[in-house]
Amino acid sequence: MKKRIFYLHLFIILLVGGACRQESNGPVLKDKTAPGPVSNVVVESLHGAAKISYAVPADADLLYVKALYTAPNGVVRETKVSRYNRDLTVAGFGDTSEYKITVYAVDKSENVSPPVTVIVRPQIPPVWIVRKALAASADFGGINVRYTNPEEDDLAIVVLADDSLGRFSPVATQYTNLKEGDFSTRNMPDVPTKFGVYVRDRWGNLSDTMHMVLTPLFEQRLDRLKMKGLVLPGDAPIGYGGSIAGLFDGSTTNGFYHSSDAARMPQWFTYDMGQRAKLSRLVWHMRPGFYYSLHNPRVVEIWGSDNPNPDGSFDASWTLLATVTQIKPSGLPEGQLSQADTDAALAGQTVTFPLNTPKVRYIRFKTLKNWSNGTYVNFYEIAMWGDTK
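With mature numbering (1 follows the signal peptide of the UniProt record, and there is no 0) as the guide, the letters of the sequence shown map in order to residues -21 to -1, 1 to 368.
The structure is reproduced here in structure tokens:
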């Protein structure tokens, strides 16, 4: 009985002690004294933004500095930075108008200093810089849009065209923060079509729309049932139950290609498309469960021929059509996948051929490097598009 009373007292002491410790770690007692304002303010105009430098007040309990401004749509935007910063950047401006920015210092009790108001006039916003440099041209199954994005901002480039109901609406959106690049719309008929292209940023600012009428080039998916392997001297030996036929069975999860233990890098295989075509694009699919790893090809060359030399050599009968290095969207280490990685893998790796690509019947798929730097190559499906006329 005495032991029970002793443990009960000990429990109460520990409980109370813990509560006291928790209470002692709570918020510091608040005051009602506001910090002084920031001083020595200097403004630097940036593209669609402004950098505001300042000196902070000497208040010991200063917590952060914030800037407020009202966008043209009436939305109040706020930027906060730590007490240790000596500048902040206000961004999201869609034009070069003057904007009033109010800067406050805030302490640990959330007391707010007197305001300091500055006027900023941003330089030309990125949406307009990118919009002015846009270029569009007819492409297979749609149009190709080229862009430059010197500030490497996060932007969306939107392509418009008439839909099935005759509404001028988005048909493709390219999200990018690359310094330059291009992309294409697909699956559109080869008839004169009105297109529009504009640029949007993450704050909802829009450029104007570039309008044009272009005629997409004809393309169709090539008949996979006509495609078959063509074994030539020097082609990689096949192993592990793989086959070239598995690349054209219509499934991205069943039949597959896999080179054997005897294969070495670089290595290649050859196949007959069963038809002559001016190729527009090719899509290959990696081995499921091993995306961006192991034996999936990473750096490849695509060669074409109308009449390959039977000795298997890369002589004048072969033309290099494209060289591709596969990029993992997330850049994560091998074995780690983001949703963007998985989505890209399921969509397949697209190889786009130049508009001056000659008509060919035979394809040689040459792998220079796989994802593991090993000697095997495997993947599960190849699909091809082009013009057979």
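Glycine residues also receive a C-beta, built at the ideal position from the N, C-alpha and C atoms.
Start and end residues, beta strand (DSSP E) containing residue i
i	result
alanine 112	From DSSP, alanine 112 is part of no beta strand (DSSP E); its letter is neither H nor E.
aspartate 322	First-last for aspartate 322: 318 to 326, but that is the alpha helix (DSSP H), not the beta strand (DSSP E).
residue 395	The displayed coordinates of the chain run from -21 to 368. Any statement about residue 395 would go beyond what the structure contains.
leucine 211	No beta strand (DSSP E) holds leucine 211; DSSP gives it neither H nor E.
lysine 87	That residue, lysine 87, is in no beta strand (DSSP E); it is neither H nor E in DSSP.
glutamine 153	147 to 155
arginine 340	339 to 349
glutamate 159	159 to 163
isoleucine 122	121 to 127
isoleucine 31	28 to 34
threonine 302	298 to 304
threonine 96	95 to 99
Residue i versus residue j - alpha carbon distance
i	j	result
valine 339	aspartate 180	42 Å
valine 69	isoleucine 122	36 Å
glycine 53	threonine 346	55 Å
glutamate 159	glutamate 198	26 Å
asparagine 156	lysine 11	45 Å
tyrosine 270	proline 129	32 Å
alanine 324	glutamate 89	48 Å
leucine 226	phenylalanine 72	50 Å
glycine 5	histidine 26	Since pLDDT at glycine 5 reaches only 41, below the 50 mark, its modelled position is unreliable, and the value read off the structure follows with that caveat. Taking the straight line joining both Cα atoms gives about 43 Å.
serine 309	serine 317	6 Å
tryptophan 297	aspartate 285	8 Å
arginine 110	tyrosine 236	44 Å
serine 230	glutamine 153	28 Å
aspartate 74	aspartate 322	35 Å
valine 47	proline 101	One point to set straight first is that residue 47 is leucine, not valine, in the sequence displayed. Computed Cα separation, rounded: 15 Å.
serine 24	proline 105	13 Å
methionine 252	alanine 242	24 Å
aspartate 214	lysine 30	59 Å
glycine 314	glycine 268	10 Å
Proximity to residue i [Cα-Cα], best of the options
i	options	result
valine 97	Val22, Pro276, His190 and Gly283	Val22
tyrosine 359	Asp285, Gln328, Leu201 and Pro129	Gln328
isoleucine 306	Ser272, Ile281, Asn335 and Leu334	Ser272
serine 351	Val99, Val278 and Arg62	Val278
isoleucine 281	Tyr250, Leu41 and Phe227	Tyr250
threonine 81	Glu313, Pro105, Val44 and Ser230	Val44
leucine 211	Asn275, Trp107 and Pro289	Pro289
residue 371	Val303, Asp214, Thr58 and Gly283	For residue 371 there is no data in the structure shown, the boundaries of the chain being -21 and 368.
arginine 62	Glu77, Ala84, Lys173 and Ala13	Ala84
proline 93	Leu196, Pro16, Pro245 and Asp366	Pro16
aspartate 228	Arg146, Leu42 and Ala362	Ala362
isoleucine 223	Asp169, Arg343 and Lys173	Arg343
proline 245	Pro216, Gly268 and Leu47	Pro216
aspartate 141	Leu209, Arg65, Val60 and Phe174	Phe174
aspartate 40	Ser18, Ala50, Ile31 and Ala13	Ala13
aspartate 118	Asn166, Ile108 and Ala112	Asn166
arginine 125	Asp86, Leu113, Gly234 and Val91	Leu113
alanine 115	Val91, Thr172 and Leu144	Thr172
tyrosine 355	Gly120, Asn335 and Gly218	Gly218
tryptophan 182	Lys79, Asp240 and Asp133	Asp133
alanine 151	Ala37, Leu67 and Gly120	Gly120
alanine 256	Ser238, Glu313, Lys207 and Tyr341	Tyr341
arginine 56	Gly220, Thr367 and Ala28	Ala28
proline 337	Asn275, Ile108, Val330 and Gly365	Gly365
aspartate 66	Ala326, Val20 and Val176	Val20
Local conformation of residue i per DSSP, three classes
i	result
arginine 179	strand
leucine 273	coil
phenylalanine 358	strand
arginine 56	strand
phenylalanine 248	strand
leucine 196	strand
proline 105	helix
alanine 135	strand
phenylalanine 72	coil
leucine 261	strand
leucine 41	strand
leucine -12	Legend: pLDDT at leucine -12 = 44, less than 50; position of this residue unreliable, value from coordinates given subsequently. Three-state DSSP puts leucine -12 in a helix.
arginine 65	coil
leucine 25	strand
leucine 226	helix
arginine 266	coil
leucine 144	coil
arginine 203	helix
methionine 167	coil
aspartate 366	strand
alanine 117	strand
asparagine 19	strand
lysine 307	coil
phenylalanine 235	coil
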